[in-house]
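**Student:** Residue numbers (the numbering used here), protein chains in the order written: chain A, 5 to 221; chain B, 5 to 221. Note that CB positions come from ideal geometry on N, CA and C, so glycine has one too.
1) Out of curiosity, what's the CA-to-CA distance linking residue 113(A) and residue 184(A)?
2) Checking contacts by CB at 8 Å: is residue 15(B) closer than that to chain A?
3) Going by C-alpha distance, which of 54(B), 44(B) and 55(B) is nearest residue 28(B)?
4) Interface residues of chain A around residue 111(B) at Cβ under 8 Å?
5) Given residue 58(A), which residues of its chain have a CB within under 7 Å of its CB, disregarding the five upstream and five downstream residues?
6) Checking contacts by CB at 8 Å: is residue 108(A) closer than that to chain B?
7) Looking at residue 173(B) and residue 156(B), is the spacing between their C-beta atoms short of 8 Å?
8) Can you tell me where the alpha helix (DSSP H) holding residue 170(B) begins and where it ends?
9) With the cut-off set at 8 Å, would you say residue 115(B) and residue 98(B) are in Cβ contact?
10) Indicate whether at least one CB of chain B lies closer than 8 Å to the CB of residue 153(A).
11) Count the other CB atoms, across all protein chains shown, that sit within 10 Å of the CB of residue 110(B); report buried if there are 16 or more and exposed otherwise.
12) Do residue 195(B) and residue 168(B) have their CB atoms nearer than 8 Å?
13) With a 10 Å radius around its C-beta and 16 neighbouring C-beta atoms as the bar for buried, classify residue 77(B) as buried or exposed.
14) Does the beta-carbon of residue 192(A), which I'm using as the reference point, lie nearer than 7 Å to any heavy atom of the ligand ZN?
15) Give the C-beta separation of residue 135(A) and residue 90(A) to the nearest angstrom, bearing in mind that I take them to be a contact with Cβ-Cβ under 8 Å.
16) Report back the beta-carbon spacing between residue 25(A) and residue 75(A) to the nearest angstrom; my notes put them in contact at under 8 Å.
17) Let's see if you can read the secondary structure: which residues bound the beta strand (DSSP E) around residue 133(A)?
18) Starting from the beta carbon of residue 134(A), find every residue of chain B whose beta carbon is closer than 8 Å, and list them in chain order.
19) Note down the Cα distance separating residue 141(B) from residue 206(B), rounded to an integer number of angstroms.
20) Residue 133(B): which of 119(B), 139(B) and 145(B) sits nearest, CA to CA?
21) May I ask you to report which of helix, strand or coil DSSP gives residue 55(A)?
22) Give me, in chain order, the residues of the same chain whose beta-carbon lies closer than 8 Å to that of residue 148(A); leave out the 5 immediate sequence neighbours on both sides.
23) Does the beta-carbon distance from residue 197(A) to residue 107(B) come in below 8 Å?
24) Report the start-end ranges of each alpha helix (DSSP H) in the segment 80-107 of chain A that is 4 residues or longer and not cut off at the edges.
25) Could you confirm whether any beta carbon from chain B is found closer than 8 Å to the beta carbon of residue 219(A)?
26) Measure the alpha-carbon distance for residue 100(A) versus residue 125(A) and round it to whole angstroms.
27) Taking a contact to mean a Cβ-Cβ separation below 8 Å, would you say residue 171(B) touches residue 145(B) in this structure?
28) Does any CB atom of chain B fall closer than 8 Å to the CB of residue 167(A)?
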């Protein structure tokens, strides 16, 4: 079953809710009110109720949402129950950190394959995953892997994406700091880590006011 | 000089433009048209022109924008010319990868200090930065460091942010997969890497149509 007509903005918030639900479950809770969830995830309670109404879970008045049921439902909508296996291309510093990153498990995601061009890296095992040569990307389809993470240098990003599209990958999380092109049928999300840091200074007040010299602005 | 009334959405795009300009300069270009920049960064040319009009650079008709001048201007607006130094807290797998990450240089950003609680890590040098004990965070203000990157486990995230606020940090990029609280005067951007991957499966079509078995949807 596929859910339709869920706005992109809601899809963007569903993983935030899921993260909050998993955390609440870890704390031993069985139910959660939209208000508690709102406090935990930093989204207004009314918006949470609106988002959940898209898939018909209105909770139980006075009790709240059943955490496990709601988490299963969100995973199903996000298709995390059926498409959780990802391949990593590029096992440098960042790629290695991603292989070791514990955060993917929250969403039921699993990096099950890793690829690199360096003969020094091929054959090594990082966090339980054996590094394969990139020529073996050809077998991804047979292995039923349709998600890929790209952590290669900028110059290699577009050729890597082209190759992933060729071998049937449908969703790509790109960490290379550049825009990459892919056919419309393939969803690409680019995450430029440095760019997020580059937005911060704008919001920092000027002057020496914090050094105890009094307001100078 | 501080620029005012630039919408958040424009601020969000400025680093994208800056990245495009730096890349174009690397290729030996001196000028760039809004159309070329648009193609490169994936933002409509009219939106680029609108964004640039906030700070009065309209380019030269038939020649385009002077790349170096525009890059300097964007860096000034983003305050990357005056607030480029950041501290890293948490030198695990992800923290180490961030220390080695070449992408920050594009924006003139520099991680100049790193902190950890582990006695095994303190004193080690990673990518030219010596790891210090977290008690030494107290001196950040004297060292004129007002940006921080948090790459600690989830349970340590809020106490770390509290401490950073105490020692005068004004902007925090948080990689811990949870919401953290800070006073309004401190800007916090949370980047949950796994959450970005978790949004991808939603956009992947169901069924076996790609395995050569014909359309089944």
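**Tutor:** Result, derived from the coordinates:
1) Position 109 of the first chain, counted from the start, is the residue given in the question as residue 113(A). Position 180 of the first chain, counted from the start, is the residue given in the question as residue 184(A). So the two alpha carbons sit approximately 23 Å from each other.
2) Numbered from 1 along the second chain, position 11 holds the residue referred to as residue 15(B). Residue 15(B) counts as touching chain A.
3) Looking up residue 28(B) in the second chain gives position 24. When each option's Cα is compared against that of residue 28(B), the closest is 44(B).
4) As a position in the second chain, residue 111(B) is number 107, starting the count at 1. The answer, in chain order, is 198, 199, 201 and 202.
5) If you number the first chain from 1, residue 58(A) lands on position 54. Correct list, in chain order: 10 and 14.
6) Translated into the one-based positions of the first chain, residue 108(A) becomes position 104. For residue 108(A), the answer is yes, since a Cβ of chain B falls inside 8 Å of its Cβ.
7) Position 152 of the second chain, counted from the start, is the residue given in the question as residue 156(B). Position 169 of the second chain, counted from the start, is the residue given in the question as residue 173(B). Result no, Cβ atoms of residue 156(B) and residue 173(B) do not sit closer than 8 Å.
8) For the purposes of this step, residue 170(B) is taken as residue 166 along the second chain, with counting starting at 1. From DSSP, the alpha helix (DSSP H) with residue 170(B) extends over 158-170.
9) As a working mapping, residue 115(B) is identified with position 111 in the second chain. As a working mapping, residue 98(B) is identified with position 94 in the second chain. Taking 8 Å as the Cβ cut-off, residue 115(B) and residue 98(B) do not qualify as a contacting pair.
10) Translated into the one-based positions of the first chain, residue 153(A) becomes position 149. So yes, residue 153(A) belongs to the interface.
11) On the second chain, position 106 is the one that residue 110(B) refers to. Its Cβ being crowded by 16 or more others within 10 Å, residue 110(B) is buried.
12) Looking up residue 195(B) in the second chain gives position 191. Looking up residue 168(B) in the second chain gives position 164. No; because the gap between Cβ atoms is not below 8 Å, this pair is not in contact.
13) In the second chain, counting from the first residue as 1, residue 77(B) sits at position 73. It is buried - the Cβ of residue 77(B) has at least 16 other Cβ atoms within 10 Å.
14) Although the ligand ZN was asked about, the structure shown includes no ligands whatsoever.
15) For the purposes of this step, residue 135(A) is taken as residue 131 along the first chain, with counting starting at 1. For the purposes of this step, residue 90(A) is taken as residue 86 along the first chain, with counting starting at 1. At roughly 15 Å, the Cβ-Cβ gap does not stay under 8 Å, so residue 135(A) and residue 90(A) are not in contact.
16) Here residue 25(A) refers to the residue found at position 21 when the first chain is read from its first residue. Here residue 75(A) refers to the residue found at position 71 when the first chain is read from its first residue. Correct: roughly 5 Å between the Cβ atoms.
17) To locate residue 133(A), count along the first chain from 1; it is residue 129. Segment 133-137, the beta strand (DSSP E) holding residue 133(A).
18) Taking the first residue of the first chain as 1, we reach residue 134(A) at position 130. Going along chain B, no residue has its Cβ under 8 Å from residue 134(A), so there is no contact; the nearest lies around 18 Å.
19) Residue 141(B) sits at position 137 when you count from the first residue of the second chain. Residue 206(B) sits at position 202 when you count from the first residue of the second chain. Approximately 42 Å between the Cα atoms of the pair.
20) Position 129 of the second chain, counted from the first residue, corresponds to residue 133(B). Nearest option by C-alpha distance: 119(B).
21) Locating residue 55(A) in the first chain gives position 51, counting from the first residue. It is helical.
22) Taking the first chain and counting its residues from 1, one reaches residue 148(A) at position 144. Around residue 148(A): 89.
23) Working through the first chain from its first residue, we reach residue 197(A) at position 193. Working through the second chain from its first residue, we reach residue 107(B) at position 103. Yes, these two residues count as a Cβ contact at 8 Å.
24) 97-104
25) Mapped onto the first chain, residue 219(A) falls at position 215. Its pLDDT being 34, under 50, residue 219(A) is placed unreliably by the model, and the measurement read from it follows with that caveat. By this cut-off, residue 219(A) is not an interface position.
26) Mapped onto the first chain, residue 100(A) falls at position 96. Mapped onto the first chain, residue 125(A) falls at position 121. Spanning the two alpha carbons is a distance of roughly 11 Å.
27) If you number the second chain from 1, residue 171(B) lands on position 167. If you number the second chain from 1, residue 145(B) lands on position 141. Yes, the Cβ-Cβ distance between residue 171(B) and residue 145(B) is below 8 Å.
28) As a first step, residue 167(A) is located in the first chain; it is residue number 163 there, counting from the start. Closer than 8 Å: no.
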